[in-house]
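So for the sequence shown, the numbering used here puts the first residue at 14; every next one is plus one.
The C-beta atom is built at its ideal place from N, Cα and C for all residues, glycine as well.
Note that the structure is a prediction, hence the values are computed from the model and not measured.
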Amino acid sequence: MQSGSEKSAIVVGGGVAGMSAACSLAESGLRVRLVERRGYLGGRASSYRHPGVDETIDNCQHVLFGCCTNLIGFYRRIGVLDRIHWTRSMTMIEPGGRCSVLGSTRWLPAPLHGLPSLLAAKALTFEDKRALARAFRLLMRPVAPESTETLGTWLRLNGQTQGAIDRFWRLVIASALNADIDEIALPYAAKVIRELFLNSAEAGAMGMSTVPLSELYAGAERHLKGHGGEVVYDAGVEGAAWDQEISQWTLSTRVGEFAADYLVLALPFEAMGKLAPGMPRAEGAEALAAQIERHEHGPICSVHLWFDREITELEHAVLLDREIHWMYNKSRLQPGRKGKGSYLELVVSASHRFAALSREEAIELAVREVAEFFPAVAEAKLEKAALIKEVRATFCVPPGIDQFRPDAKSSPWPNCALAGDWIATGWPSTMESAARSGHLAAEAVCAAMGEPRRILNEDLKPRGLMRWLGRR
Ligand SMILES: Cc1cc2nc3c(=O)[nH]c(=O)nc-3n(C[C@H](O)[C@H](O)[C@H](O)COP(=O)(O)OP(=O)(O)OC[C@H]3O[C@@H](n4cnc5c(N)ncnc54)[C@H](O)[C@@H]3O)c2cc1C
Numbered sequence: 014m015q016s017g018s019e020k021s022a023i024v025v026g027g028g029v030a031g032m033s034a035a036c037s038l039a040e041s042g043l044r045v046r047l048v049e050r051r052g053y054l055g056g057r058a059s060s061y062r063h064p065g066v067d068e069t070i071d072n073c074q075h076v077l078f079g080c081c082t083n084l085i086g087f088y089r090r091i092g093v094l095d096r097i098h099w100t101r102s103m104t105m106i107e108p109g110g111r112c113s114v115l116g117s118t119r120w121l122p123a124p125l126h127g128l129p130s131l132l133a134a135k136a137l138t139f140e141d142k143r144a145l146a147r148a149f150r151l152l153m154r155p156v157a158p159e160s161t162e163t164l165g166t167w168l169r170l171n172g173q174t175q176g177a178i179d180r181f182w183r184l185v186i187a188s189a190l191n192a193d194i195d196e197i198a199l200p201y202a203a204k205v206i207r208e209l210f211l212n213s214a215e216a217g218a219m220g221m222s223t224v225p226l227s228e229l230y231a232g233a234e235r236h237l238k239g240h241g242g243e244v245v246y247d248a249g250v251e252g253a254a255w256d257q258e259i260s261q262w263t264l265s266t267r268v269g270e271f272a273a274d275y276l277v278l279a280l281p282f283e284a285m286g287k288l289a290p291g292m293p294r295a296e297g298a299e300a301l302a303a304q305i306e307r308h309e310h311g312p313i314c315s316v317h318l319w320f321d322r323e324i325t326e327l328e329h330a331v332l333l334d335r336e337i338h339w340m341y342n343k344s345r346l347q348p349g350r351k352g353k354g355s356y357l358e359l360v361v362s363a364s365h366r367f368a369a370l371s372r373e374e375a376i377e378l379a380v381r382e383v384a385e386f387f388p389a390v391a392e393a394k395l396e397k398a399a400l401i402k403e404v405r406a407t408f409c410v411p412p413g414i415d416q417f418r419p420d421a422k423s424s425p426w427p428n429c430a431l432a433g434d435w436i437a438t439g440w441p442s443t444m445e446s447a448a449r450s451g452h453l454a455a456e457a458v459c460a461a462m463g464e465p466r467r468i469l470n471e472d473l474k475p476r477g478l479m480r481w482l483g484r485r
């Protein structure tokens, strides 16, 4: 058996999945080459210089939570965890500006830690609160993964009021899963509720990067180089050949060929579907293609506005009853940004209607709506604006989707593991799912080398009363 240090791996795709696979493989002693189609790392969670506004902006605000143990493990590995700003409160604002703050207290054990703020929320009626408390109680125990119920059906069967559905379930939960309540499998929604609101205050703490996203990944490139690896940019992979005699992969890319002992394909399902015909014939390749066919994606749009003055002191907020769902105050969240005024990012999840608007229409609607929440907008001058539409933002999680999410180890090809947020991780389309998939793929490679290792980070354990109440 050869030791890891004599073996090499190519990881295709420089998103969170590929970076986390590459960095953990390099740390396990392999020589790793991370091959990325674009000129920068990050994939669907990245930042770049936007020519229209001459600013470096994230393709969209990305948030993480304390329960994202693999993403946090990846950030820790590449030395950027201190760039994440954490908060335990979420402000809901009604048109007109009335605020309700959901948060946690230290003096009540989980799952009761969020109860006082829920009871105090002015945005919800007494009936809404009673309905939510009932739903939370029912969702304390995990829902069987094979459940075929949608979130929408479950909410209607379990007495949820229109206010609770519109102001909580649609805005907070469905927007986190980027789909309509009638298209979300109940187990995924229940997982989000348990992790964000019930298991512990730590699990539900929300994190946001204090630097543009791609700046985080300089740490990944440094980490790889420090372990004898490299990143190859602008190198879209077009196909791969496997030489059985010498047990080696050769990849054809736009910038030449690369060879390695092991391969990790860390691609979104659409890109995996495009690459598959360029891969060697293999038993199981058709089954993988059939799984890919079953996936669909949902859009997320973000409107970026620069005003000549401060609009709000809030760092972020959920905007109720309007087309725009979330406000992120980037001037406050990313203090390294220059300029006197303020930069707000407004996010709209799961809205095909918003995604169909023209740039002018989308910006006009965003400015009009944001003014309903923050009166300072009426006096302020809008200096510049940008719209980013990510049509293929996340994969959807309808009932039954788990049977079409392949395992990291179940690639049809030899010495090849699969990664990407859509791989079977049990998590919805998130950076955490991507990081988990990368860690699972790295474990699969190490196991195939005959040097099995535990790379996956452990889940946070439920705390307080949830240690007993949350058991299946
Ligand atoms: C607008 C938006 C908002 C989001 N908000 C959140 C959020 O708040 N929190 C959260 O956790 N998640 C969020 N997500 C989801 C999150 O971004 C993704 O789940 C995650 O980044 C997926 O990572 P990945 O590595 O699996 O795939 P990707 O990020 O898609 O990475 C795949 C990489 O492969 C490269 N590639 C493709 N084809 C080839 C090829 N042939 N050869 C070489 N390279 C190739 C691509 O260029 C890309 O860099 C959001 C996504 C979007 C788009």
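Kindly list the residues whose CB is nearer than 6 Å to the CB of Gly26, restricted to its own chain and excluding five residues on each side of it in sequence; keep chain order.
What you label residue 26 is simply residue 13 of the sequence shown in a count that begins at 1. Cβ within range, chain order: Ala279, Leu280.
So, does the region 206 to 222 touch the region 70 to 83, judging by three or more C-beta pairs under 8 Å?
They touch, by the three-pair rule.
Could you tell me the alpha carbon to alpha carbon distance between Glu162 and Pro412, rounded to whole angstroms?
Translated into the one-based positions of the sequence shown, residue 162 becomes position 149. Translated into the one-based positions of the sequence shown, residue 412 becomes position 399. Each residue's alpha carbon lies about 7 Å from the other.
Closer than 7 Å: is that where the CB of Gln74 sits relative to any heavy atom of ligand 1?
Within the sequence shown, numbered from 1, the residue matching residue 74 stands at position 61. At least one heavy atom of ligand 1 is nearer than 7 Å to the Cβ of Gln74, so yes.
Here's the rule: buried if 16 or more other CB atoms are within 10 angstroms of the residue's CB, otherwise exposed. What is Phe139?
For the purposes of this step, residue 139 is taken as the residue at position 126 of the sequence shown. By the neighbour-count rule (16 or more Cβ atoms within 10 Å), Phe139 is not buried but exposed.
Return the bridge partner residues of Phe78 from the DSSP annotation.
As a first step, residue 78 must be located in the sequence shown, where it is residue number 65. Phe78 is bridged to Met219.
Ligand 1 heavy atoms versus the CB of Ile178: any closer than 7 Å?
Your numbering for residue 178 matches position 165 in the sequence shown. Every heavy atom of ligand 1 is 7 Å or more from the Cβ of Ile178, so no.
Go ahead and pull the three-state DSSP assignment for Ile186.
In the sequence shown, counting from the first residue as 1, residue 186 sits at position 173. Of the three classes helix, strand and coil, the one that applies to Ile186 here is helix, per DSSP.
To test your reading of the DSSP string, which unbroken beta strand (DSSP E) runs of 3 or more residues are found completely within the region 420 to 444?
Runs found: 429 to 432.
Checking 8 Å against the spacing of the C-beta atoms, do Gly56 and Val29 come in under that value?
Taking the sequence shown and counting its residues from 1, the one referred to as residue 56 is at position 43. Taking the sequence shown and counting its residues from 1, the one referred to as residue 29 is at position 16. The answer is yes: Cβ separation under 8 Å.
Say the cut is 7 Å; is the CB of Glu49 nearer than that to a heavy atom of ligand 1?
Within the sequence shown, numbered from 1, the residue matching residue 49 stands at position 36. The answer is yes for Glu49.
How big is the Cα-Cα spacing for Gly477 and Pro122?
Here residue 477 refers to the residue found at position 464 of the sequence shown. Here residue 122 refers to the residue found at position 109 of the sequence shown. Rounded to the nearest angstrom, the two C-alpha atoms are 5 Å apart.
For a test of the three-state rule: what should DSSP assign to Thr118, helix, strand or coil?
The residue given as residue 118 occupies position 105 in the sequence shown. Thr118: coil per DSSP, three-state reduction.
Where does Asp193 sit, in a helix, a strand or coil, going by DSSP?
Start at 1 with the first residue of the sequence shown, and residue 193 comes out as number 180. Note: Asp193 maps to coil in three-state DSSP.
Residue range of the beta strand (DSSP E) that Val410 falls in?
Working through the sequence shown from its first residue, we reach residue 410 at position 397. No beta strand (DSSP E) contains Val410, which DSSP labels as neither H nor E.
Would you please state the rounded distance, in angstroms, between the beta carbons of Met219 and Trp339? I believe it to be under 8 Å.
Along the sequence shown, one-based indexing puts residue 219 at 206. Along the sequence shown, one-based indexing puts residue 339 at 326. Not confirmed; about 11 Å, so no contact.
Could you tell me the alpha carbon to alpha carbon distance between Ser33 and Ser424, rounded to whole angstroms?
Mapped onto the sequence shown, residue 33 falls at position 20. Mapped onto the sequence shown, residue 424 falls at position 411. Cα to Cα, the separation comes out at about 18 Å.
Contact between the region 228 to 243 and the region 89 to 99: three or more CB pairs below 8 Å?
Verdict: yes, contact present.
CB-CB under 6 Å to Arg154, same chain, minus the five flanking residues each way: which ones, in chain order?
Here residue 154 refers to the residue found at position 141 of the sequence shown. Hits under 6 Å: Arg485.
State buried or exposed for Ala454, treating a residue as buried only when at least 16 other CB atoms are found within 10 Å of its CB.
The count along the sequence shown starts at 1 and reaches residue 454 at position 441. Label assigned to Ala454: buried.
Taking 7 Å as the line, does the beta carbon of Asp195 fall inside it for any heavy atom of ligand 1?
Here residue 195 corresponds to residue number 182 of the sequence shown, with the count starting at 1. No, ligand 1 has no heavy atom inside 7 Å of this Cβ.
Looking at ligand 1, does it come within less than 7 Å of Val244, judged from the CB to the closest heavy atom?
Within the sequence shown, the letter at position 231 stands for residue 244. No; taking the cut-off as 7 Å, the Cβ of Val244 has no heavy atom of ligand 1 nearer than that.
Using 10 angstroms around the beta-carbon of Ser117, count the other beta-carbons present and answer buried if the total reaches 16, otherwise exposed.
Position 104 of the sequence shown, counting from 1, holds the residue named residue 117. The residue is buried, with at least 16 neighbouring Cβ atoms inside 10 Å.
At what residues does the alpha helix (DSSP H) containing Ser33 begin and finish?
Against the sequence shown, residue 33 aligns to sequence position 20. 29 to 40 is the span of the alpha helix (DSSP H), which, as asked, contains Ser33.
In terms of alpha-carbon separation, which member of Glu159, Leu184, Ala148, Phe181 lies closest to Trp167?
What you label residue 167 is simply residue 154 of the sequence shown in a count that begins at 1. Comparing Cα-Cα distances from Trp167 to each of Glu159, Leu184, Ala148, Phe181, the minimum goes to Ala148.
Quick check on DSSP: helix, strand or coil for Asn83?
On the sequence shown, position 70 is the one that residue 83 refers to. If DSSP states are grouped into helix, strand and coil, Asn83 belongs with the helices.
Please state whether DSSP places Arg480 in a helix, a strand or coil.
As a working note, residue 480 is residue 467 in the sequence shown. In this structure, Arg480 counts as helix in the three-state DSSP scheme.
Can you list, in chain order, the residues of its chain with a C-beta nearer than 8 Å to that of Leu237? Leave out the 5 residues immediately preceding and following it.
Here residue 237 is taken as the residue at index 224 of the sequence shown, counted from 1. Excluding sequence neighbours, Leu237 sits near Ala35, Cys36, Ala39, Val45, Leu47, Glu243, Val244.
What beta strand (DSSP E) runs, 3 residues minimum, are completely inside the region 276 to 340?
Listed in chain order, the complete beta strand (DSSP E) runs (minimum 3 residues) inside the region 276 to 340 are 310 to 320, 329 to 332.
Quick check on the burial criterion: 16 or more other C-beta atoms within 10 angstroms. Buried or exposed for Ser355?
In the sequence shown, counting from the first residue as 1, residue 355 sits at position 342. So Ser355 ends up on the buried side.
Quick check on DSSP: helix, strand or coil for Val404?
By one-based count along the sequence shown, residue 404 stands at place 391. Looking at Val404 - three-state DSSP - the assignment turns out to be strand.
Please confirm whether any heavy atom of ligand 1 lies closer than 7 Å to the CB of Pro281.
Translated into the one-based positions of the sequence shown, residue 281 becomes position 268. Yes, since a heavy atom of ligand 1 falls inside the 7 Å radius drawn around the Cβ of Pro281.
Roughly how many angstroms separate the alpha carbons of Asn191 and Asp434, rounded to a whole number?
Here residue 191 refers to the residue found at position 178 of the sequence shown. Here residue 434 refers to the residue found at position 421 of the sequence shown. Their Cα atoms are separated by approximately 14 Å.
Would Ala398 and Val316 qualify as a contact pair, given that the criterion is a beta-carbon distance under 8 Å?
The residue given as residue 398 occupies position 385 in the sequence shown. The residue given as residue 316 occupies position 303 in the sequence shown. Contact: yes.
Name the two residues that bound the continuous alpha helix (DSSP H) containing Val390.
Walking along the sequence shown from the start, residue 390 turns up at place 377. Here the alpha helix (DSSP H) through Val390 covers 389 to 392.
Return yes when at least one heavy atom of ligand 1 lies under 7 Å from the C-beta of Gly26, else no.
Taking the sequence shown and counting its residues from 1, one reaches residue 26 at position 13. At least one heavy atom of ligand 1 is nearer than 7 Å to the Cβ of Gly26, so yes.
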